[in-house]
Every structure is written in C-alpha cells, then in structure tokens.
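Chains A and B, in that order, are what the protein sequence lines are.
Its first residue numbered 656, the first sequence is counted upward by one per residue in my numbering.
Its first residue numbered 36, the second sequence is counted upward by one per residue in my numbering.
For each residue, glycine too, the CB sits at the ideal point set by N, CA and C.
Being a predicted model, the structure only gives us computed values, none of them experimental.
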Amino acid sequence: MSQPRLPYYTAPSGLRDRVQAAVRRPPARRSAPWRPAAWVTGIAAALVLLASGVWLVGARRRAADAELTAVLDGHLRALAPGHLADVASTDQHAVKPWFAGKLDFSPPVVDPAADGFPLVGARVDVVDGRNLAALVYSRRSHIINVFVRPLGADERATSRDGERRGYNVMSWAASGMRFWAVSDLNVQELAQLRNLLAAGTGRPGSSSAPSR
Amino acid sequence: MLPHLGAAYNLARHLTRNDHDAEDVVQEAYLRALRYFGAFRGRDARAWLLAIVRHTTYTRRRRDPLAAITTEFSDELHSGAVEGQGPERDLDRRETAARVQSALDRLPPRFREVLVLRELEDLSYEEIGRIVRAPIGTVMSRLSRARARLEQALAAEGGGTP
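Right, dumping it as structure tokens:
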C-alpha cells in the first residue's frame, strides 16, 4: 500500500510580516510578568541607598560635632592659667621648628601681626585622642586658639561655622589640613583671621620657608 | 530574515491543529529564537528552530488553559479540506487529503510530531531525536507505530487505500 500523503500547511501570506514586526519590537508583553518584581527591587535599592546616604551624612555630622565639642574643650582648657602656650613666641620661624619631633606632621604657621592678629604662642594639644597643633593668636584682649591637624583620607574639605556656649567656632580646610578656630571674638573678626590663615597657608612657602 | 518560516508554520499548524494558534506559536517561537540565538551551537538551524516551535507549543498549552480548550479536537474545526494547496480540482484527491488530515489530527501529539518531522521535513532520525528529546530507537519505533495508527485510522474510516 502507498504511504498516505500528509498535508503540508503553507504559512499565510501575512504571517512573515507580522512575525517580522513582532521581532522588531520584542519586549512589551514578555517583560510584563517580571516588571512588578523589577519595580520592587528598584524601590528597595533606592531606599537602601537613601538610608545609607542619610546615615553617612549623619555620621559625618556627628563626627564633626564631636570634634567641635572637643576643640571647644581644648580652647577652654588652654584658657586656664598657665596652659595657653608651651612655647611663647611671637616668631613664626621659632614656632614652626618647635613642632618638629612633637607631631607627625608640620602645621603651617603664619603670623598676621600686621593685620592685628599677633601670634602669641603654640602648644601641642590632645583633641579626640590625637595630638594636634594649637596656635594661639590674640586680638585686642581676645584669645584665639587655632587647632590644626591633617585632613583624613576620606574627609571632605568642607567649611563650617558654629557657635557653642557663647564661643564662635570656625572650621575650614586648606593645604591638606583641617583648621579649627575657637574664640570669644566676634564672627566678623574671626572670619578675617580665617581668611588670613587660609590665604597664608594656601601659598606654600610663605610661612614655612625660613631663610637659610 | 526569518529563515524556515514555512517549516515552522507547518509544524506549529500540525501540533496546534488550528491556524490562529499556529500563527501565535510561530511568532512567539521566533522571538524566543532571537533571544536564545547566542546559545545556538548546532549545524542545522531548521532543526533548532523546529525544536523551539515544538517547545513553544507545549509550554503555551500548559500556560494558557484557554489554548488547551481551543486545541481540543473537534470535528467541525478540524475536518475541513486542506486549503491553499494549489489547483487540486480532483475531488477524490481533495477528499483523501481531508481524510488524512483528520486522521492525523486525531493522533496523539507524540506521534503527530514525528510523522511531520520525518515525512514533511525530511529530517534524519538523529535530528528528530534531538528535537523531541528522545533516543533514536524511540524515534524509530514511535514513527512506525505512528504510521500504523494512521493507516488503521484511515482504514477504519472505511474506503482507506487498500
């Protein structure tokens, strides 16, 4: 007997075009089932990012607040009789070498006496468990303590001003150092000193290169 | 673009037993083929594509209960004459073709698919085995049983080719 011939179905004429069109815009229907999952994942990821961002910012702020408090304490400690300066010198070229061997960094020292902020002296202070340089300036009868330490590796060079217990506190970064200035001096004059110091430390050599 | 569309449609049409589902299957199969084209290592693109068509048909049926209902065999739906086969004026031949088609549609899918792949696509046993995921021996025995059952069905209908 002969093998029965099976029918061969020919594709409808429009099929090729339809398939081609579908191939060109593929995703719509197929991606629908997992789209909600993608949304949830996206939102969760965004929340985690946001939370960690908030936490990081918060952590930075808490660290800065802690340092501000510590710096203010250092200032108050220094005002106690006999604690202001370990080296009482108005000569920046005497003060800067004095730090050598007492610190693992060399703080920039300027003496803007001509602008009415004479350098009074310097000492090594311990703030937040680490040694840093404290430079003492005066303005009329006001004492200004300027604390200097190297910038942390991941620390941002931001500036901030604040006021604590009647004292003005300013912090800024320059030349890879973090500066804290504390005084009962008014904000305008403290800012003036900050600008002088920042400008002075911004020019390498202006303060740090004594003539040989 | 779109190679082996004819073969893909023919297999899909035989497996789904209706035009509409067959077109859907072909479209979906090409989308899948495009997506997995990177995984294509074989030599014969046609066999690879037909395997995707087959797989698409079965997963569709499982996924979509409505598709299962519409692909249930019904005489009204599936006993029509083969269309688009050229000028087949000979009434006898048309009737024979219709009877063959109807008998084939009644076979279980595992018999239908091997018959289509062997008789219409001329694939080797080995290629068929890869497509239906069965050893060659199974393909051969299934094929001979499919032929026997098809002849039986035609004979039982009465007036089958003697």
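Between the CA atoms of residue j and residue i - distance to the nearest angstrom
i: A/Gln747; j: A/Gly697; result: 58 Å
i: A/Phe772; j: A/Ser814; result: 21 Å
i: A/Glu722; j: A/Gly784; result: 10 Å
i: A/Leu845; j: A/Val709; result: 31 Å
i: A/Ile799; j: A/Leu704; result: 41 Å
i: B/Glu161; j: B/Asp79; result: 12 Å
i: A/Val655; j: A/Ser707; result: Outside the displayed range of chain A (656 to 867) lies residue 655 of chain A, so it cannot be described from this structure.
i: B/Thr91; j: B/Leu66; result: 10 Å
i: A/Pro667; j: B/Ala183; result: 31 Å
i: A/Ser793; j: A/Ala755; result: 23 Å
i: A/Ala718; j: A/Pro736; result: 30 Å
i: A/Ala692; j: A/Arg716; result: 36 Å
i: A/Gly648; j: A/Val765; result: As shown, chain A starts at 656 and ends at 867. That puts residue 648 of chain A outside it, with no answer to give.
Neighbouring residues, chain A, relative to residue i (Cβ below 8 Å)
i: B/Gly164; result: Near B/Gly164 there are no residues of chain A at all, since even the closest Cβ is about 20 Å away, more than 8 Å.
i: B/Val151; result: Leu661
i: B/Leu85; result: None at all; the shortest Cβ gap to chain A is about 14 Å.
i: B/Ala132; result: Arg660 and Pro662
i: B/Glu148; result: Result: empty, since nearest Cβ-Cβ is about 12 Å, beyond 8 Å.
Cβ-Cβ separation, residue j to residue i (assumed contact under 8 Å), whole Å
i: B/Ile163; j: B/Val149; result: 6 Å
i: A/Val775; j: A/Ala788; result: So it is not a contact: roughly 14 Å between Cβ atoms.
i: B/Ala138; j: B/Leu185; result: 6 Å
i: A/Gln675; j: B/Leu46; result: Not quite, the Cβ-Cβ distance comes to about 19 Å (not below 8 Å), so this is no contact.
i: B/Arg180; j: B/Phe146; result: 7 Å
i: A/Val726; j: A/Val824; result: 7 Å
Residue i classed as buried or exposed, judged by whether at least 16 other C-beta atoms fall within 10 angstroms
i: A/Lys757; result: exposed
i: A/Trp694; result: exposed
i: A/Gly729; result: buried
i: A/Gly855; result: buried
i: A/Gly669; result: exposed
i: B/His55; result: exposed
i: B/Thr51; result: buried
i: B/Asp140; result: buried
i: A/Leu734; result: exposed
i: A/Pro763; result: buried
Nonlocal neighbours in the same chain, by C-beta distance under 7 Å from residue i, ignoring five residues either side
i: B/Arg168; result: none
i: A/Ala701; result: none
i: A/Trp827; result: Ser814, Phe834, Arg849 and Ala853
Any non-hydrogen atom of the ligand ATP closer than 6 Å to residue i Cβ
i: A/Val726; result: With respect to the ligand ATP, the structure shown offers nothing to examine, as it has no ligands at all.
Per-residue contacts from residue i into chain A (C-beta, under 7 Å)
i: B/Tyr44; result: Tyr664, Ala666 and Leu670
i: B/Arg48; result: Tyr664
i: B/Leu139; result: Leu661
i: B/Gln198; result: Only positions 36 to 197 of chain B appear in the structure, and residue 198 of chain B is not among them; the question remains open.
Chain-order list of residues whose beta-carbon lies under 8 Å from that of residue i (same chain, five-residue window excluded)
i: B/Tyr71; result: Ile87
i: B/His39; result: Ala80, Arg81, Leu84 and Leu85
i: A/Thr724; result: Arg819
i: B/Asp127; result: none
Partner residues on chain B for residue i, Cβ-Cβ distance less than 7 Å
i: A/Ala693; result: Chain B residues near A/Ala693: none, gap ~17 Å exceeds 7 Å.
i: A/Gln678; result: Just to set this straight, residue 678 of chain A is Val in the shown sequence, not Gln. The answer, in chain order, is Tyr65, Leu66 and Leu69.
Per-residue contacts from residue i into chain B (C-beta, under 8 Å)
i: A/Arg673; result: Glu58 and Gln62
Other residues of its chain near residue i: CB distance less than 6 Å, five sequence neighbours each side excluded
i: A/Leu851; result: Pro767 and Asp770
i: B/Val151; result: Leu46 and His49
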